[in-house]
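Asker:
Residue numbers (our numbering): 583 to 877.
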């Protein structure tokens with residue numbers, strides 16, 4: 583953030599302040615016009631940052647630095663919600679785009695029985711089949727396919743995404759080369775990483791992030807981020823056991839919840855015996871289950 587005087591000269595400057603340090607509502611957007619002599623303030627090969635090193639030094643030396651205040655659109659995209667809202671602002675006409683929606687629907691095949699509610703963007707070489715519904719503020723990248731009966735609402739699909747039949751996508755981001763099979767539901771503020779596959783009848787809960795190249799099994803309900811490993815499973819529970827990878831499927835958090843659930847189905851007067859081998863992983867699991875039992 584910056585403070586300018588009446589002549590637009592910068593008199594104070596602070597990069598990425600905490601809320602307690604905020605002294606102005608004028609922000610530095612990182613667009614600079616520099617005189618060649620500005621580059622004489624650092625040595626070749628040094629790690630040198632304009633906002634952290636150069637500008638404070640120039641201020642200290644009282645070198646002339648000026649700012650230009652504009653009322654043009656600016657958005658600090660630091661999370662998924664802001665990323666999505668900025669895209670929606672572009673669709674809604676709040677941003678003056680230099681090359682507005684180049685390639686929109688070019689060479690795309692859109693069924694007469696599909697329903698498209700503007701504003702939307704549909705990229706090049708897309709296929710949208712019978713009964714598909716694209717709701718307002720949706721963005722479909724290039725080379726995407728939307729199968730019959732699927733509904734896309736306030737969502738962003740990157741390039742080469744394939745959406746199966748009867749999907750419900752609500753406020754989500756599907757990254758490039760990902761596939762959803764039939765009857766998949768994906769909800770608000772979630773994201774599916776590149777080259778992932780979501781099998782039929784799977785459900786992705788709100789606020790869930792699935793890292794790239796993941797596979798979600800048929801009928802799975804994903805209610806936690808899928809970061810490690812390669813797949814999200816329908817269930818860890820077998821007829822007599824619980825199966826999964828340590829620290830991927832079977833985490834301390836999962837074991838704490840397991841212990842809490844178990845104690846609620848056991849009569850309080852009955853003793854519970856919990857044993858394990860002497861490995862660190864087993865001890866961690868045991869202690870987490872105990873935590874859940876005693877909570």
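Every residue, glycine too, gets a C-beta built ideally from N, C-alpha and C.
With distance defined between alpha-carbon atoms, name the residue in 758, 629, 784 and 584 nearest to residue 775.
Answerer: Of the candidates 758, 629, 784 and 584, the one whose C-alpha sits nearest the C-alpha of residue 775 is 758.
Asker: Given that a residue counts as buried once 16 or more other Cβ atoms are within 10 Å of its Cβ, and exposed if not, what is residue 621?
Answerer: Per the 10 Å Cβ criterion, exposed.
Asker: Does the distance from the CB of residue 797 to the CB of residue 777 come in under 7 angstroms?
Answerer: No; because the gap between Cβ atoms is not below 7 angstroms, this pair is not in contact.
Asker: Using the beta-carbon count (16 or more within 10 Å), is residue 819 buried or exposed?
Answerer: That one is exposed.
Asker: When you compare only the Cα positions, how much space is there between residue 741 and residue 788?
Answerer: Rounded to the nearest angstrom, the two C-alpha atoms are 23 angstroms apart.
Asker: For residue 615, is the classification buried or exposed, using 16 other Cβ atoms within 10 angstroms of its Cβ as the cut-off for buried?
Answerer: Result: exposed.
Asker: Does the Cβ-Cβ distance between residue 561 and residue 805 come in under 7 angstroms?
Answerer: Outside the modelled stretch of the chain, which goes from 583 to 877, sits residue 561, for which no answer is possible.
Asker: Closer than 8 angstroms is the cut-off here; do at least three beta carbon pairs connect the segment 695-708 with the segment 745-752?
Answerer: In short, these stretches do not touch, since the Cβ pair count stays below three.
Asker: So what's residue 797 in DSSP terms, helix, strand or just coil?
Answerer: In this structure, residue 797 counts as strand in the three-state DSSP scheme.
Asker: Per DSSP, what kind of secondary structure is residue 733 in: helix, strand or coil?
Answerer: Residue 733 falls in the strand class under three-state DSSP.
Asker: Three or more C-beta pairs under 8 angstroms: does that hold for the segment 641-655 against the segment 720-739?
Answerer: Contact fails: fewer than three Cβ-Cβ distances are below 8 angstroms.
Asker: Among the candidates 729, 629, 626 and 791, whose CA atom is the shortest distance from the CA of residue 769?
Answerer: Checking every option, the nearest Cα to that of residue 769 belongs to 791.
Asker: With a Cβ-Cβ cutoff of 7 angstroms, do residue 875 and residue 845 count as a contact?
Answerer: Taking 7 angstroms as the Cβ cut-off, residue 875 and residue 845 qualify as a contacting pair.
Asker: Using the three-state DSSP reduction, which class does residue 778 fall into: helix, strand or coil?
Answerer: Residue state, collapsed to three classes: coil.
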